[in-house]
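Residue numbers (the UniProt record's numbering): 1 to 622.
Quick reminder that beta carbons are idealized off the backbone N, C-alpha and C, glycines included.
Reviewing the structure listed below.
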């Protein structure tokens with residue numbers, strides 16, 4: 001296996017194991033720490049889907065502000081509730097359900113009237129589950145299909161007179177951390193006591209049969225109802241408040257109800273009045289009344305139009321959690337350029353389309369799980385690839401530098417005649433130039449090794465040719481830059497003059513070279529030159545097997561720092577006042593391009609300022 005293949009294989013295995021671990025936890029319902037992300041993504045998908053038409057099965061009789069105003073108090077008296085039921089029952093509803101907790105005794109005659117009305121109708125009333133600490137948990141208790149049914153501390157029952165007259169169901173819902181109802185448990189337990197939910201009781205009453213309970217679903221009216229872990233029913237809302245047909249209880253009390261909105265329907269009586277307190281936020285509405293939440297669950301049970309998330313869907317989620325990170329890592333390893341990134345974006349887009357399409361077809365695939373499984377491995381692998389690529393680019397730059405001639409260009413013949421040249425340090429006056437390509441490091445990350453080496457070789461060649469023609473020597477090539485010295489092997493009176501000519505020549509040659517490169521390459525790199533004149537100490541450094549010419553001193557440091565000044569001032573050359581003074585007014589820097597200065601400038605690493613001049617070629621001014 002290749003050196004590149006083994007790390008990729010390891011990355012693929014680790015990505016798959018990471019996704020498998022998350023998928024296993026999700027399949028067993030232990031993925032609660034991403035509930036907020038999943039809730040947000042579910043709301044977005046719901047809003048993209050838009051409102052949906054609810055089935056014509058349910059009518060809500062709302063105890064609204066108008067009803068409270070008419071009756072003069074809230075909650076309504078039991079006698080008023082009895083009148084509402086007595087008005088609705090003769091119109092032939094399939095079932096009447098009171099989404100109200102009737103736990104406290106009222107006036108005796110009113111309670112008796114309500115109990116009598118309930119006994120004369122096919123009715124369901126509400127109970128509530130009480131949980132330790134007020135939090136609903138779905139922890140497994142024992143084994144079997146009912147092990148994950150929500151386990152309450154106790155149930156809060158309606159008065160016995162009412163529970164003897166009507167069926168009773170538990171109204172609790174499961175909300176996420178934002179308070180949005182996401183599930184309705186269909187079964188509840190408290191110790192050995194098992195109770196049906198309010199919505200299941202109502203649906204069973206309307207269907208005229210008891211539901212069948214299986215490990216992963218319920219059956220009702222000849223249909224299978226697929227449920228999530230613990231026999232909970234996922235909710236998907238039809239729209240904002242009032243989407244499900246709603247009439248005011250005041251209309252019923254006034255005898256103005258249309259029989260058509262009741263006959264053959266399930267009638268839910270519940271509070272929607274301001275301040276009633278039983279409201280929930282949903283993707284469509286920040287204050288959806290609880291009676292509409294219950295109505296939504298009942299509609300799902302009766303029409304089978306709810307969203308499905310069961311063990312099969314969770315298993316599909318686990319499959320995506322394994323496949324998606326491995327696929328993204330594989331694509332990043334396959335192509336480390338724009339093609340690879342485009343392929344990654346395409347895969348992510350396809351997954352989003354599949355996820356949304358499934359949602360539109362009532363399948364709730366997790367969005368948070370594949371994202372959590374895929375993003376960390378892709379980022380880590382991509383970062384590792386980037387680091388390795390940068391290391392390779394640096395390696396190739398270093399290799400290219402090492403391939404240059406060992407001795408400084410221009411000194412070969414002199415060294416052949418004077419073997420002891422610079423065997424001892426020599427202090428002399430010299431002109432020092434530095435030239436460097438800006439942006440090359442970033443460019444080399446995207447070029448292959450051959451292209452990088454060819455680019456550097458061409459640049460080094462033009463620098464060598466221009467410096468040699470001007471009488472200078474390149475003491476070292478430093479990757480994408482060079483240090484140039486005028487004053488070796490022996491100082492001359494025209495060193496500064498020749499150095500100024502070299503600055504102009506290097507600028508012209510480098511601009512021509514950049515213009516010859518492809519636009520995609522030339523647009524990403526530039527150059528800068530720093531030039532100074534003064535005393536240096538030149539010597540030969542290294543062991544017996546390898547030596548090189550070195551120049552040190554403040555003059556060298558200043559010349560190097562002047563490149564930074566040139567780059568910061570948008571100039572091609574930054575030259576010190578001392579060098580121009582020695583070079584004279586007839587030097588090339590005065591006779592071509594645009595020279596401005598002197599400017600007192602603070603040099604990094606130097607306590608005192610320095611007077612400098614900034615030069616740009618005529619081409620750069622266009």
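Who does residue i pair with in a DSSP beta bridge?
| i | result |
| --- | --- |
| residue 193 | 190 |
| residue 436 | 481, 528 |
| residue 533 | 431 |
| residue 127 | 170 |
| residue 610 | 601 |
| residue 615 | 573, 595 |
| residue 350 | Paired residue(s): none; residue 350 is not in a bridge. |
| residue 234 | 183 |
| residue 223 | 220 |
| residue 390 | DSSP output for residue 390 lists no bridge partner at all. |
| residue 669 | Outside the modelled stretch of the chain, which goes from 1 to 622, sits residue 669, for which no answer is possible. |
| residue 248 | 62 |
| residue 213 | 218 |
| residue 486 | 431 |
Any idea what DSSP makes of residue i, helix, strand or coil?
| i | result |
| --- | --- |
| residue 275 | coil |
| residue 63 | strand |
| residue 184 | strand |
| residue 475 | strand |
| residue 598 | strand |
| residue 243 | coil |
| residue 592 | coil |
| residue 23 | helix |
| residue 401 | Low local confidence applies: a pLDDT of 46 at residue 401 is under 50, so the model's placement there is unreliable, with the coordinate-based value given in what follows. Helix at residue 401. |
| residue 155 | strand |
| residue 551 | strand |
| residue 102 | coil |
| residue 70 | helix |
| residue 317 | helix |
| residue 284 | coil |
| residue 505 | helix |
| residue 265 | coil |
| residue 175 | strand |
| residue 421 | coil |
| residue 85 | helix |
| residue 77 | coil |
| residue 538 | strand |
If we count the other Cβ atoms within 10 Å of its Cβ and call it buried at 16 or more, is residue i buried or exposed?
| i | result |
| --- | --- |
| residue 361 | exposed |
| residue 195 | buried |
| residue 59 | buried |
| residue 478 | exposed |
| residue 591 | exposed |
| residue 102 | buried |
| residue 192 | exposed |
| residue 33 | exposed |
| residue 512 | exposed |
| residue 354 | exposed |
| residue 364 | buried |
| residue 357 | exposed |
| residue 104 | exposed |
| residue 367 | buried |
Give me the Cβ distance between residue i and residue j, rounded to the nearest whole Å; I'm assuming they're in contact under 8 Å.
| i | j | result |
| --- | --- | --- |
| residue 188 | residue 149 | 7 Å |
| residue 49 | residue 280 | Not a contact, Cβ separation roughly 19 Å. |
| residue 80 | residue 71 | 6 Å |
| residue 575 | residue 503 | 7 Å |
| residue 608 | residue 593 | Actually they do not touch by this definition, with Cβ atoms about 28 Å apart. |
| residue 438 | residue 381 | In fact, because the Cβ distance is near 30 Å, the residues do not count as touching under 8 Å. |
On a CA-only basis, which of the options is nearest residue i? Give me that one, please.
| i | options | result |
| --- | --- | --- |
| residue 328 | 47, 379, 290 | 379 |
| residue 69 | 248, 517, 595 | 248 |
| residue 445 | 36, 499, 387 | 387 |
| residue 614 | 608, 442, 598, 495 | 598 |
| residue 66 | 235, 585, 271 | 271 |
| residue 572 | 343, 563, 338 | 563 |
| residue 244 | 536, 594, 62 | 62 |
| residue 217 | 208, 185, 17 | 185 |
| residue 557 | 539, 533, 570, 569 | 533 |
| residue 371 | 312, 15, 234 | 15 |
| residue 522 | 455, 491, 228 | 455 |
| residue 183 | 449, 229, 507 | 229 |
| residue 208 | 93, 129, 131, 165 | 93 |
| residue 278 | 284, 293, 266, 264 | 293 |
| residue 84 | 254, 106, 21, 517 | 254 |
| residue 198 | 239, 117, 290, 236 | 290 |
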